[in-house]
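Undergrad:
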Amino acid sequence: MKLPSLRPILVLNIALIGFFWLLLFNRLHTEWIVNTLYSYGWAVPFLALYLFSERWRDRPAPAADRPHPIWLVIPAVALLLYTPLRIVNEANPDWVRVNFDLTVLVAAFSAMALFAMGRFRYLWHFWFPIFFVFTALPWPVWMEENLVQTLTRWNTQFSAEALTMLGTPAMAHGNLIQIGASWVNVEEACSGIRSLQTSFMMSLFLGEFYRLNFVLRIFLMASSFVVAFALNIGRTMTLTYLSGAYGNHTLEKWHDPIGTAVMVLCLVSLWVLALGFEKLHASVLGPRKLPDPNAPAIPAAPAPFPAAFVAFGFCALVAAEVTNEAWYRYHEEKLGPPREWAIAWPTTAKSFKRGEFPDRTRAILKYNEAETASWVTPDGYGFQMYYIRWLPGRVSKFLSGAHYPTVCLPATGLQYKSEFGRYLCKTGDIEIPFTAFLFESGTQPVYVFHAILEDRPAPDGEKISYRQVEGSERIESVKRGHRNLGQRVLGISILNSTSLEEAETTLQNVLKQIVHTSQKPVAAR
């Protein structure tokens, strides 16, 4: 089958549709960078394009001409709807609902182009490559969290029982497995969720690649879940055994290599299953018919949109980007420049030790920078501190409230007692508005200070705090022209202090030593 030569008007149409998709992927790619669960998203556009090209090889005959010109009102409305969605997305780049709506909009625009070329038979023939792009979108938070927690619990229980049956006594305690004197934390990354989402995407791809029927595709999807979870149980058992037999340093050494091996083995297993299903499909329904290379060329399809509409489309998309930037720049012109400051960690302090945030914390908070450390002050106070930073445009400004002491610290074993209220700590020309809390570790009091700082605070004094953010709040923030211009979170725990006043004095003294201002410019990411 010979492909027709591309006419200039068709090239312009392809350029418009491709530009629309590129704008969408530019808004989605942050999730692929910061969240390892969705790092496979980088491959989805290329896989979808490949599936489309394969469908194009055996496409049905196109329509003789375009629909009636009044039909252009529908794709025109889709182009115009991009502007308000783009403005909402600018302030809420991590809002799953808006990212889904943007993807629906671009997918619908592409479907309209296909309809113009071949009516409903083209829509039916090419629907899967367009649908496949949705696999790159983050799952709803409630679904992802419930799935992660459930898989982690199952993984922990099954791994502990299996190790015991194999002669290595192990006990499950929540998300921890005790084996001898060692404790292994079954992280969410080990729970199967990462392999599950990647294998789910690949099961859809392989089902389309081999053109399996609907029933076999469902079986392949179900198999992807079983294979991913079973392999991750094997991973957890292996890492737990290595930790108990050879120590945690061995676990750390083999954690990533075993994880990579499990991912590769999972994908290979899916491919083998897909080959088996293809043979079953061929034995029942006969082999798939391949395009006849000697068949006469299919008539050239009409270009979806006339040249004038293509020009309108480019103008509408560019205008949306310009309007978006103008809207926020207008509301930000009265804001002062950001004050740049940094933490100089006291690496020579007594018992200084750096820590790391779990992968799941990074996936949830999507920060640019995060550091945590503990040490003992010269006065003998235990000082634990974490510092998190988001550069401009990274996420919505509400996300910084997702990490809050009363929610996060009880999971570490601390018992929440009371909240004292606001404490304004001044260090140089920086004012840090802390909220003070009292926790207990056993019978020992722990004073905790938590602050969210805007690099360029809004003049109306909008405060970010821990709460379930409603959609109406997000929209109201857009109306006021508030987007994330850079944020930081400071969290500090002070031990061995006998009173709040004593803890505040210690906090003030330490921050004067480690907070340093500079004139370094802030770049958006």
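So the sequence shown is numbered by the numbering used here: it starts at 245 and just counts up by one. All C-beta atoms, glycine included, are put in the ideal place defined by N, C-alpha and C.
Check R666 in the structure and name its three-state DSSP category.
TA: Within the sequence shown, residue 666 is the residue found at index 422, counting from 1. Note: R666 maps to strand in three-state DSSP.
Undergrad: Can you tell me where the alpha helix (DSSP H) with W619 in it begins and where it stops?
TA: One-based indexing of the sequence shown puts residue 619 at position 375. First-last for W619: E613 to V620, but that is the beta strand (DSSP E), not the alpha helix (DSSP H).
Undergrad: My output table needs one value for S595: the three-state DSSP class, helix, strand or coil.
TA: Within the sequence shown, residue 595 is the residue found at index 351, counting from 1. Of the three classes helix, strand and coil, the one that applies to S595 here is strand, per DSSP.
Undergrad: The alpha helix (DSSP H) with F558 in it runs from where to where?
TA: Taking the first residue of the sequence shown as 1, we reach residue 558 at position 314. Counting along the chain, the alpha helix (DSSP H) containing F558 begins and ends at A551 to E576.
Undergrad: Identify which residue in H493, A357 and F458 has its Cα closest to the Cα of P306.
TA: Position 62 of the sequence shown holds residue 306. Taking only the C-alpha atoms, the option nearest P306 is A357.
Undergrad: Quick check: the Cα distance between Q757 and P654, rounded to an integer number of angstroms?
TA: As a working note, residue 757 is residue 513 in the sequence shown. As a working note, residue 654 is residue 410 in the sequence shown. Each residue's Cα considered, the two are about 29 Å apart.
Undergrad: Can you check which of these residues, D603, R583, I421 and I423, is closest to I674 by C-alpha distance?
TA: To locate residue 674, count along the sequence shown from 1; it is residue 430. The residue with the shortest Cα to Cα distance from I674 is R583.
Undergrad: Does the stretch 641 to 650 come within contact of the stretch 727 to 736, defined as at least 3 CB pairs closer than 8 Å?
TA: Yes, since at least three Cβ pairs between the stretch 641 to 650 and the stretch 727 to 736 fall closer than 8 Å, the two stretches touch.
Undergrad: Taking 8 Å as the cut-off, decide whether the C-beta atoms of F627 and I738 are in contact.
TA: Looking up residue 627 in the sequence shown gives position 383. Looking up residue 738 in the sequence shown gives position 494. In this structure, I738 lies closer than 8 Å to F627 by Cβ.
Undergrad: Are the stretch 442 to 449 and the stretch 508 to 522 in contact at 8 Å, needing three or more beta carbon pairs?
TA: Judged by Cβ distances under 8 Å, the stretch 442 to 449 makes contact with the stretch 508 to 522, as three or more pairs qualify.
Undergrad: Checking 8 Å against the spacing of the C-beta atoms, do N740 and G624 come in under that value?
TA: Within the sequence shown, numbered from 1, the residue matching residue 740 stands at position 496. Within the sequence shown, numbered from 1, the residue matching residue 624 stands at position 380. Taking 8 Å as the Cβ cut-off, N740 and G624 qualify as a contacting pair.
Undergrad: Taking only the alpha-carbon atoms, compute the straight-line gap between L266 and E663 and give it to the nearest angstrom.
TA: Stepping through the sequence shown from its first residue, residue 266 is reached at position 22. Stepping through the sequence shown from its first residue, residue 663 is reached at position 419. The alpha-carbon atoms of L266 and E663 are separated by roughly 47 Å.
Undergrad: Round the Cβ separation of G488 and I423 to the nearest angstrom and send it over; I've been treating them as touching at under 8 Å.
TA: Here residue 488 corresponds to residue number 244 of the sequence shown, with the count starting at 1. Here residue 423 corresponds to residue number 179 of the sequence shown, with the count starting at 1. About 3 Å; that satisfies the 8 Å criterion.
Undergrad: Looking only at its own chain, which residues have a Cβ that is under 6 Å from the Cβ of G503, when we skip the five neighbours before and after it?
TA: Translated into positions along the sequence shown, residue 503 becomes position 259. Around G503: no qualifying Cβ.
Undergrad: Where does Y630 sit, in a helix, a strand or coil, going by DSSP?
TA: As a position in the sequence shown, residue 630 is number 386, starting the count at 1. In the structure shown, Y630 sits in a strand (DSSP, three-state: E or B).
Undergrad: Looking at the secondary structure, which residues open and close the beta strand (DSSP E) in which E522 lies?
TA: Within the sequence shown, residue 522 is the residue found at index 278, counting from 1. Taken as a continuous stretch (DSSP letters only), E522 belongs to no beta strand (DSSP E), being part of the alpha helix (DSSP H) at N492 to L529.
Undergrad: Take the Cβ of N457 as the centre, count every other Cβ of all protein chains shown within 10 Å, and call the residue buried at 16 or more, exposed below.
TA: Walking along the sequence shown from the start, residue 457 turns up at place 213. When all chains shown are included, N457 counts as exposed.
Undergrad: Look at the alpha carbon of S721 and the alpha carbon of V692, and state the distance between them as a whole number of angstroms.
TA: Indexing the sequence shown from 1 puts residue 721 at position 477. Indexing the sequence shown from 1 puts residue 692 at position 448. Going by the C-alpha atoms only, they are around 30 Å apart.
Undergrad: State the DSSP-derived secondary structure class of R397, mapped to helix, strand or coil.
TA: Taking the sequence shown and counting its residues from 1, one reaches residue 397 at position 153. Here R397 sits in helix by DSSP.
Undergrad: Taking L495 as the reference, give the member of T750, P622 and W427 with the closest Cα.
TA: Along the sequence shown, read from residue 1 onward, the residue named residue 495 stands at position 251. Cα-wise, what sits closest to L495 is W427.
Undergrad: I need the straight-line Cα distance from T368 to A292, nearest angstrom please.
TA: For the purposes of this step, residue 368 is taken as residue 124 along the sequence shown, with counting starting at 1. For the purposes of this step, residue 292 is taken as residue 48 along the sequence shown, with counting starting at 1. The displayed chain sequence assigns Trp, not Thr, to residue 368. Going by the C-alpha atoms only, they are around 16 Å apart.
Undergrad: Please look up how many angstroms separate the CB atoms of Y631 and I587, rounded, as I've assumed it's under 8 Å.
TA: Translated into the one-based positions of the sequence shown, residue 631 becomes position 387. Translated into the one-based positions of the sequence shown, residue 587 becomes position 343. Correct: roughly 5 Å between the Cβ atoms.
Undergrad: Tell me where the alpha helix (DSSP H) around F372 begins and ends.
TA: Counting from one through the sequence shown, the residue named residue 372 turns up at place 128. Where F372 is concerned, the enclosing alpha helix (DSSP H) stretches over V340 to F376.
Undergrad: Going straight from the alpha carbon of V459 to that of F521, what length do you get?
TA: What you label residue 459 is simply residue 215 of the sequence shown in a count that begins at 1. What you label residue 521 is simply residue 277 of the sequence shown in a count that begins at 1. Using only the alpha carbons, I get a separation of about 10 Å.
Undergrad: Under 8 Å Cβ to Cβ from R299, same chain only, skipping five residues before and after it: list those, please.
TA: Here residue 299 refers to the residue found at position 55 when the sequence shown is read from its first residue. If we look at R299 and ignore the five residues flanking it on each side, its Cβ neighbours are H369, F370, F372 and P373.
Undergrad: Does the distance from the CB of N336 to the CB of A547 come in under 8 Å?
TA: In the sequence shown, residue 336 corresponds to position 92, counting from 1. In the sequence shown, residue 547 corresponds to position 303, counting from 1. No; because the gap between Cβ atoms is not below 8 Å, this pair is not in contact.
Undergrad: Residues in the same chain with beta-carbon distance under 8 Å from R718, minus the five sequence neighbours each way, listed in chain order, please.
TA: Taking the sequence shown and counting its residues from 1, the one referred to as residue 718 is at position 474. Around R718: V332, A335, N336, W339, S640 and F642.
Undergrad: Per DSSP, what are the beta-bridge partners of F678 in this structure?
TA: In the sequence shown, the residue the question calls residue 678 occupies position 434. Its beta-bridge partners are Y667.
Undergrad: Closest to Y574 by C-alpha separation, out of G715, L524 and K723, would be which residue?
TA: The sequence position of residue 574 within the sequence shown is 330, counting from 1. Checking every option, the nearest Cα to that of Y574 belongs to K723.
Undergrad: Note the first and the last residue of the continuous beta strand (DSSP E) segment covering R583.
TA: Start at 1 with the first residue of the sequence shown, and residue 583 comes out as number 339. First-last for R583: undefined, no H or E at that position.
Undergrad: So for I542, helix, strand or coil by DSSP?
TA: Working through the sequence shown from its first residue, we reach residue 542 at position 298. In the structure shown, I542 sits in coil (DSSP, three-state: anything other than H, G, I, E or B).
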